[in-house]
Structures are given as C-alpha cells and as structure tokens.
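Protein chains in written order, with this note's numbering: chain C, 264 to 660; chain H, 3 to 123.
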Amino acid sequence: MPDAASSFQRIPPDELAWLGTGPIPARAYHDPAYFELERQAVFLKSWIHVAHVCELPEPGCFVRRDLEFAKASLLIARGKDGVLRAFHNVCTHRGTQLVEEASGRQSKFTCPYHMWTYGADGALLSAPDFEAFHLDKPACALPRVALQECGGMLFVNFDPDAPPLRIWLGAYAERLEQMPAARATTFSQYSYEIDANWKLTYDNFQENYHLRFIHPRSGGAGIGGDNPFGYPASLGFDGPHRTQRIWSNPAPDLKPFQRAAAMRGLPAVAEQGLLDLPFGRDYLAFFPNLFVIGTPTQPFSHTVYPISADRSRGVVRLYWVGEDGNASTRFAREYALAQLRDIHCEDIAMIERGQKGLASGALDHIHFQSMEALCRHLFNEVDSRVQAHARALGERP
Amino acid sequence: MNQASTLPGGFSALEPFVAQWGLSGTARRAAQRTASSPEAREAFFEAASPLLEAALTWLDDRDLATLPPAGRRLMDLMLSLGHVALAVEIQGPDEVKSAVWRDRMRIDRSTADQGISSCSN
Chain C
264 MPDAASSFQR IPPDELAWLG TGPIPARAYH DPAYFELERQ AVFLKSWIHV
314 AHVCELPEPG CFVRRDLEFA KASLLIARGK DGVLRAFHNV CTHRGTQLVE
364 EASGRQSKFT CPYHMWTYGA DGALLSAPDF EAFHLDKPAC ALPRVALQEC
414 GGMLFVNFDP DAPPLRIWLG AYAERLEQMP AARATTFSQY SYEIDANWKL
464 TYDNFQENYH LRFIHPRSGG AGIGGDNPFG YPASLGFDGP HRTQRIWSNP
514 APDLKPFQRA AAMRGLPAVA EQGLLDLPFG RDYLAFFPNL FVIGTPTQPF
564 SHTVYPISAD RSRGVVRLYW VGEDGNASTR FAREYALAQL RDIHCEDIAM
614 IERGQKGLAS GALDHIHFQS MEALCRHLFN EVDSRVQAHA RALGERP
Chain H
3 MNQASTLPGG FSALEPFVAQ WGLSGTARRA AQRTASSPEA REAFFEAASP
53 LLEAALTWLD DRDLATLPPA GRRLMDLMLS LGHVALAVEI QGPDEVKSAV
103 WRDRMRIDRS TADQGISSCS N
C-alpha cells in the first residue's frame, strides 16, 4: 500500500536527549544492596496497584494480596458502609495471619488461633475473655494501609505521609479514567514468576526495539512498512510516569483466522462505546511497576511485583465490560487472552536470559537508545530516589 | 449417547475432535494445546476453522447460560480452536520452543470459566 510508506515519522533522538544519553549502571538491575534501597525508597513510598474495584462489588467482599516487597499480606475489603479499606492481614492479638483465602465474601473475619473477630471495616468486634487484656477494643482494630482508587484501579501506599493518589498520578489520572479498564466489571488473568529483576522485566514492555526479533510471528501485526521496529508514534512524560502511543500499522499482516477472531469481538466492544475512547492506542506507565493498555479489543494491565533483586512476579489482566454476553464475545475474549500470553511467553524467555548475563557483574553498564527512552526514564526516576535515600542513610548508593 | 449426536446438527464433521478438544476451562484448553501433537493440532485446525463462523452464529442465537450439552461441546471446541489456531496459523515452527515458556504463565481466571472449577495449569 503506498500510504503505508509515509505513515510513520520517527521521534528525533534530540527530542529525548533531556533524559540523558549516557550508559546506565548495570548493578541497578542485579545488586541486592541496590534492590534493598529501591524497596525502601520506591516501593514503600509509592502508590502500588493491587486490585480492581470489580473484584469487590458488594459489602463483605474481600481479596488477600501478598506483597513480598513489604513482607506483607494485605486484606482489602468492602465494609458494610460500602467503603473499601486495606488492612494488614494480621490479628492484633499476637500477629497471626487472619485470612488464608485469596478472595471471598463474609461479614466478619475470625482469627483461628484465639477467635478474635473483626468486622469488614477492621474493627475488633469480639474476643474471648477480652476483659483480661486491659485493652480497649478500638485500639485493637486491624492496622490500616492507605487505599485509594482511580479509574477502577486500586492502589495502596505504605507511607503514612504519601500524597493523595490523584496528585501522585498527575495528568495521567484523567487518562486512566478513560481507559477500558475504568469501565470493567470483570477480567481474565494470568501470572508468572520470573528469575529477573523487576526493572529488567518491566523494561521489556517499555520498548519496541525487540519486537521484530523476539515476536516475528506473534507480534507481526504491529511491525512493518516504514516502521520495521514498530516504534511508537509518540512518547510523553509526566513526573515519574510515562506514556507512548502505539503506532497504528496501516497494513497489518493479520492471518485469516486471527482477523476473524478479532472481528467476532468487535460488536460487543462497539456497543459498549469502547471504540470511541480517546486513548485506545495508548500505553500508560505508572511509576513504579504498572502499565495499562487501552486497545479496545485487548485492554490489559501488567504489574511487575519485585520479590528480590533477581526475582519478580508479573500479573497480566485483560479487563472486560460485562460477562460474556454471547458465544462470539466469549470466543474473542479467550482468543485475546491466549494471543497476549503467546507474546508474553516469548518475552520472559529473553528477560531471564538477560538476568543470567547480568548476574556475574561482567558488565559495569548497559545502554539504552533513544527509542528505549521509557526504560531510561524509569531508571532515572528510580535512581534519583535511591540516591537520595542512600544519602539520608549515609550509605553508598 | 450415540457418538454421532454429541454436537448440534451441521457440525458432525467435528465429532472425531470432541474427545481431545471438547474441554471445559480456559486453562485446560491451553494445556491441551501444549500436550497435543503438531499433527493433531493441524488436523483439528483444518477441519474446524472453516466451521468457526457457522458455529459461532449457531451459538450466538442461544443463551450461553442455558446451552444444552451439545451446544456446550461446540462452544468448548471453538474455544479450543482459538488456542490451536495460534499454534498453527501464527506460531508455526516457533510453537515448540515457546510452549515451555507459555506454560509458566499460569491462567488464574477467565471469563469463559463462569461456573467451572479451576484447573491447575
């Protein structure tokens, strides 16, 4: 197609030089000491995505979320008053973990050890022989963790002095509210553990430089014409967050069944108004470890939770409006999930290979080109926090 | 039940594939993609992909929640076909090497699994 030849204009590298152009210290991607500073200065100080409001539609609904970076298990519950709250999943008597189930619905939570019982609002309701403790029940409520919502996405923050979520999300809060995920009532999910640093993992999904090499078949529709790398149409930055607009291939190489599968999903998506949303080609990356994609037929979020310097857990969710209304919708949703999983499995193979290469310390530095600007921006934002925290502690960063 | 009547009328060509691919649960279908042979995937794709439009049209005329057993089998076959199509039509020679990594990505939840017990995959 002649139009395809003139569809793409590469972002000039000079426009991104403000992010720096130098090499990046490799130890930030494998050193346990650096990771410990990150844990304290980034993950315990940032709003971290943990759940979606559609998981907790009714009073008494709860989910348990274990966050290794905080060594914490959280209980997120909707109270009788309809308010969503997050608590440490820990009985205030002697610290026993309160809930083992991953999710459910119940009005009370009872510790199996000594039967201390809490409401979904975290208040201690009853405890056997409580008079013998010389305590007030209000002082024994479950410990709260800040929980706030934007665009249906729920975030927690372990820092009691954290700014409100909307201030943290900045200009991209309004965009998040216009993503398909903001309207979602359900989702499909797959998850994985990976022997790799969280930034190395997350960075894979911030650059398109690898697409043609790692996903020549599974990601073939997103590359081609005069944009053989599938580079983004535009990039943007706001505070610690960043965005890219995914390039629309004017002549995507869709296979016949692949095209039929996509077409089967379109009527429901169109009926729901999702084709008219303004950020349908956008990738929104929220510092430190969440990104959200607005593609109406395959809207998803991907969160990479750090476990240690060289181990992480990824959670991918495809967000949908309404249950499967008919067979075509069910088919298109399952195909979308399987297709995305095909692409991601090729990524994790390469990411683990990267961690193996870095682990020996053979490299002092790694390198980002201008079209890996989002990776560089993440490093800059992490490193400035790590450096400041190390200075405050009097440690070598 | 007569083997020839396990699917709605018009889809009898898919009877030989019901045992292997008529599976409930997204994770089970994904696991069968990995467990199957390339020949089995290609035979199913060749027989079933021309019937995708007709099958979904037949199913779309009915309420998913109250599908009769024959309809549920047809739905499950088409859902399996999606997984198989990715292997045959898209991944081709790359299917074998990516399968190992794909199976590490555990399917925790799927909208197609309403009312179906979960499967450890």
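Note that the Cβ used here is the ideal one computed from N, Cα and C, for glycine as well.
Residues of the region 517-545 of chain C with a C-beta atom less than 9 Å from some C-beta of chain H are Lys518, Pro519, Phe520, Gln521, Ala523, Ala524, Arg527, listed in chain order.
Considered as a whole, the region 508-589 of chain C harbours 519-534 as its complete alpha helix (DSSP H) runs of no fewer than 4 residues, in chain order.
Nearest to His473(C) by C-alpha distance, out of Ala651(C), Ile611(C), Glu456(C), Glu301(C), is Ile611(C). Judged by DSSP in its simplified three-state form, Asp501(C) adopts strand.
Residue pairing by DSSP puts Gln411(C) in a beta bridge opposite Phe418(C). For Glu597(C), the nearest beta carbon of chain H is closer than 8 Å to its own beta carbon. Around the beta-carbon of Arg580(C), 16 or more other beta-carbon atoms lie within 10 Å, marking it buried. Put simply, the backbone Cα of Asp424(C) is about 11 Å away from that of Ser309(C). In the three-state scheme derived from DSSP, where H, G and I count as helix and E and B as strand, Leu626(C) is classed as coil.
Taking 7 Å as the Cβ-Cβ cut-off, the region 103-117 of chain H approaches chain C at Trp103, Arg104, Arg106, Met107, Arg108, Ile109, Asp110, Arg111, Ser112, Thr113, Ala114, Gln116, given in chain order. Annotated three-state conformation of Asp277(C) is helix, per DSSP.
Approximately 32 Å separates the beta-carbon atoms of Pro479(C) and Glu644(C); this is outside 8 Å, ruling out the contact. With respect to Gly536(C), Ala595(C) sits apart: the two C-beta atoms are not nearer than 8 Å.
The way I'd put it, the region 73-93 of chain H does touch the region 514-522 of chain C; three or more beta-carbon pairs between them come closer than 8 Å. Taking a C-beta cut-off of 7 Å against chain C, the contacting residues of the region 29-45 of chain H are Ala32, listed in chain order. Fully contained in the region 346-393 of chain C are the following beta strand (DSSP E) runs of length 3 or more, in chain order: 347-351, 366-368, 371-373, 380-382, 387-389. The continuous alpha helix (DSSP H) containing Asp646(C) extends over residues 636-656. Residues of the region 606-622 of chain C with a C-beta less than 7 Å from any C-beta of chain H: His607, Cys608, Glu609, Ile611, Ala612, listed in chain order. Within its own chain, the residues whose Cβ lies closer than 8 Å to the Cβ of Val20(H), once the five positions on either side in sequence are excluded, are Thr8, Leu9, Arg75, Leu79, listed in chain order. Looking at the DSSP output, Val326(C) bridges to Ile339(C), Ser366(C). In this structure, DSSP gives Glu48(H) a helical state, which the three-state scheme calls helix.
For Glu586(C), the C-beta contacts it makes with chain H under 7 Å involve Thr113, Gln116, in order along the chain. Pairing Pro276(C) with Leu498(C), the inter-Cα distance amounts to about 12 Å. One finds Arg593, Phe594, Glu597 in chain C with Cβ atoms closer than 8 Å to the Cβ of Leu81(H), taken in chain order. Nearest in C-alpha terms to Gln116(H), of all of Gly12(H), Asp62(H), Ser26(H), is Ser26(H). Chain H places no beta carbon closer than 8 Å to that of Ser571(C), leaving this residue out of the contacts. Nearest to Gly385(C) by C-alpha distance, out of Gly414(C), Met442(C), Ser370(C), is Ser370(C). Legend: CB atoms of the region 455-489 of chain C lying less than 9 Å from CB atoms of chain H belong to residues Tyr455, Glu456, Ile457, Pro479, Arg480, Ser481, Gly483. For Glu440(C), no beta strand (DSSP E) segment is defined, and its DSSP state is neither H nor E. At a cut-off of 8 Å between beta carbons, Leu53(H) makes no contact with chain C.
Relative to the Cα of Gly415(C), the nearest Cα in the group Gly543(C), Tyr465(C), Cys354(C), Ala445(C) belongs to Ala445(C). Sequence-distant Cβ neighbours of Gln561(C) in its own chain, meaning closer than 8 Å and more than five residues away, are Leu581, Ala599, Gln602, Leu603. DSSP places Arg429(C) inside the alpha helix (DSSP H), whose first and last residues are 428-432.
Beta-bridge pairing by DSSP links His315(C) to Met416(C). Gln452(C) has Arg580(C), Arg111(H) as its beta-bridge partners, per DSSP. Counting along the chain, the unbroken alpha helix (DSSP H) around Asp466(C) starts and ends at 461-467.
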